[in-house]
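Position 72 of the sequence shown, counting from 1, maps to 71 under numbering that gives the first Met the number 0, and the rest follow consecutively. One structure is given here, and the rest of the page talks about it.
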Amino acid sequence: MAAAKKDGAETAGEGVLAALAPALSEVDDDKVSLLIEEALRRCYTPRNEALRDEVVFNRWFMEHPDQLYGAGLLAVWHLVKGFFPKTLATLKIPFLT
């Protein structure tokens, strides 16, 4: 999840957040929250528990509230990255490739 360290300094979720935050700042907060929640429901915790289970979802993010937004953005990115041209990788954002 977002807690996985990359290059010893920045988390994957923070990298995605830095890359996507400017675009998402133009979108209604409620819609962004719904989009992130829907994407996360297709994910699993490191304990291999499905986040689509409401109890698991609530428990995980109550224990790890700092991961909600970063992990959510990373989940959204993995769902939609196929819709973007391959040249997006030239932006040199290692967390998105």
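Note that CB positions come from ideal geometry on N, CA and C, so glycine has one too. Since this is a predicted model, take the numbers as computed values, not measurements.
DSSP beta-bridge partners for Tyr43?
-> One-based indexing of the sequence shown puts residue 43 at position 44. Paired residues: Ala49.
Backbone secondary structure at Phe60 - three-state DSSP = Start at 1 with the first residue of the sequence shown, and residue 60 comes out as number 61. Helix, per DSSP.
When burial is assigned at 16 or more other CB atoms within 10 Å of the CB, is Phe56 buried or exposed?
-> Locating residue 56 in the sequence shown gives position 57, counting from the first residue. With 16 or more other Cβ atoms within 10 Å, it is buried.
Unbroken alpha helix (DSSP H) run spanning Gly69, endpoints | Within the sequence shown, residue 69 is the residue found at index 70, counting from 1. It spans Leu67 to Val79 - the alpha helix (DSSP H) in which Gly69 sits, taken as one unbroken run.
In whole angstroms, what separates the C-alpha of Leu33 from that of Cys42?
-> Taking the first residue of the sequence shown as 1, we reach residue 33 at position 34. Taking the first residue of the sequence shown as 1, we reach residue 42 at position 43. Cα to Cα, Leu33 sits roughly 15 Å from Cys42.
C-alpha distance - Val54 paired with Glu48, whole-angstrom precision | Position 55 of the sequence shown, counted from the start, is the residue given in the question as residue 54. Position 49 of the sequence shown, counted from the start, is the residue given in the question as residue 48. C-alpha separation (whole angstroms): 10 Å.
Under the assumption that Ala38 contacts Leu78 (Cβ atoms under 8 Å), give the Cβ distance between them as a whole number of angstroms.
-> On the sequence shown, position 39 is the one that residue 38 refers to. On the sequence shown, position 79 is the one that residue 78 refers to. Sure, about 5 Å apart at Cβ, within 8 Å.
Using DSSP with H/G/I as helix, E/B as strand and the rest coil, what is Pro84?
-> Reading the sequence shown from its first residue, position 85 is the one you call residue 84. It is coil, neither helix nor strand.
Which residue's Cα is closest to the Cα of Arg46: Arg58, Glu36 and Ile35?
-> Translated into positions along the sequence shown, residue 46 becomes position 47. Closest by alpha carbon: Arg58.
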